[in-house]
Amino acid sequence: MTRADRDRPAYFDAYPTIAFDRDDLGVLTVRLHSDDGPVRYSPQHHHDWVRAFVDIADDRDNRVMILTGTGDSFIDVFAWDERTADAQMWDVIYYEGKHLLRRLLDIEIPVIGVVNGAATIHAELALLSDITLASESAILQDKAHVLAGSVPGDGVQVVWQELLGPNRGRYFLLTGQVLSAAEALDLGVVNEVMPAGELMPRARELARELAARPVLQMRYTRVVLTGRLKRLIDESLSNGLAVEGLAILDSVRLAQEAAAANQDE
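Take my numbering: the final residue in the sequence shown is number 277, and no numbers are missing along the way.
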């Protein structure tokens, strides 16, 4: 066993949907994936993320975190069949959903989000970063809720209204509006836009600049910068997830009734 193997945290190999890497300054790169390719969002991702964020926060050797996707998309494919949803399934989602964004915000080091392509599902994971970079080809959308017959209650209702303002945020969520990278930059949703090949070098440059600063300064800066978002998330998620679950269970009922009616014809 090499020294690198001995120094490698156990959680780096614990999550099948996350690839970890850390450099000599403590810059942790967290790459979301499915079988080392672009994310096909599934229950396994939800399960992994909510637990991995705790491990990241607890590891005091981490100085700055870069969060990105794989290939040409951040998260753009939904591989989660909610037609079989029931109360027990939703209880798992309810538990994980209550903690997912809060645990991300509880990571007390600067976070740099890299939107490497289409971010139409859980784009808020990157947008809750302290600095967000986007590819010129990136798009931002919420296609997992109203467009999919669900309620935007898992935190997107907080993040998008906070980023876009109440009126633009509600319009965005209700209509499935697609924002280009240039539009997101103009609206202040992302901080920098550049060609895809320049994203990770720029993210690493920023991360290493931050990692070179005093560690407690950066940890406490992250704490004060995330306080408002934590309060908003804490206020909104329990009720939001509850009504989202009710709407999904109702959609299952309607689908079952429609199937039964077709069999009777």
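Backbone N, C-alpha and C define an ideal beta-carbon position, used for all residues, glycine too.
Just so we're clear, the structure is a prediction, and the values are computed from it rather than from any experiment.
Through-space distance from Ala-223 to Thr-29, alpha-carbon basis
26 Å
For Thr-298, tell me which candidate among Ser-85, Trp-61, Leu-116 has the shortest Cα-Cα distance.
In the structure as shown, the chain begins at 13 and stops at 277. Residue 298 is therefore absent and cannot be evaluated.
What are the residues that DSSP puts in a beta bridge with Met-230?
Met-230 pairs with nothing; no bridge assigned.
For Arg-240, which three-state DSSP category applies?
helix
Between Gly-257, Asn-128, Ala-22, Ala-267, which has its C-alpha nearest Ser-192's C-alpha?
Asn-128
Please specify which runs of the alpha helix (DSSP H), each continuous and at least 4 residues long, are wholly inside the stretch 139-217, giving them in chain order.
168-176, 178-187, 193-198
Do the CB positions of Ile-133 and Ile-105 come within less than 7 Å of each other?
no
To the nearest angstrom, report how far apart Val-236 and Leu-140 are at their CA atoms.
14 Å
I believe Leu-159 touches Glu-136 by the beta-carbon criterion, under 8 Å. Please report the beta-carbon distance rounded to the nearest angstrom.
With 8 Å as the limit, Leu-159 and Glu-136 do not qualify as a contact, their Cβ atoms being about 16 Å apart.
If Val-190 and Leu-145 are in contact, beta carbons under 8 Å, what's the gap, nearest whole angstrom?
Rounded, the Cβ-Cβ distance is 19 Å, inconsistent with contact.
Just curious, the alpha helix (DSSP H) that Ala-64 is in, first and last residue?
55-70
Here's the rule I'm using: 16 or more other beta-carbon atoms within 10 Å means buried, otherwise exposed. How should Gly-209 be labelled?
exposed
If I measure Cβ to Cβ from Asp-248 and keep anything under 7 Å in the same chain, skipping five residues before and after, which residues do I get?
With the sequence shown as reference, residue 248 is identified as Ser, and Asp is not the correct amino acid for it. Answer for Ser-248: Gln-169, Val-170, listed in chain order.
Would you say Gly-188 lies against chain C (beta-carbon separation less than 7 Å)?
Protein chains in the displayed structure number just one, and chain C is not present.
Val-66 to Glu-195, Cα distance in whole Å?
33 Å
Would you kindly work out how many angstroms separate the C-alpha atoms of Asp-276 and Gln-268, rounded to a whole number?
13 Å
Exposed or buried, which one is Tyr-27 when buried takes at least 16 other CB atoms within 10 Å?
buried
To the nearest angstrom, how far is it from the Cα of Ser-241 to the Cα of Asp-118?
Just to set this straight, residue 241 is Leu in the shown sequence, not Ser. If I take the Cα positions, the gap works out to 11 Å.
Going by C-alpha distance, which of His-58, Pro-50, Ile-124, Val-39 is nearest Leu-211?
Ile-124
Please name the residue, chosen from Ala-215, Gly-181, Arg-216, that lies closest to Leu-199 on a Cα-to-Cα basis.
Gly-181
Which class does Gly-49 belong to by DSSP, given the choice of helix, strand or coil?
strand
Inter-residue spacing [alpha-carbon to alpha-carbon] between Val-89 and Ser-54:
9 Å
Mind checking which residues open and close the beta strand (DSSP E) that includes Arg-115?
No beta strand (DSSP E) holds Arg-115; the alpha helix (DSSP H) holding it covers 99-117.
Throw me the rounded Cβ distance for the Pro-122 and Val-76 pair, which I believe falls under 8 Å.
5 Å
How far does the beta strand (DSSP E) with Phe-32 in it extend, from its first residue to its last?
30-34
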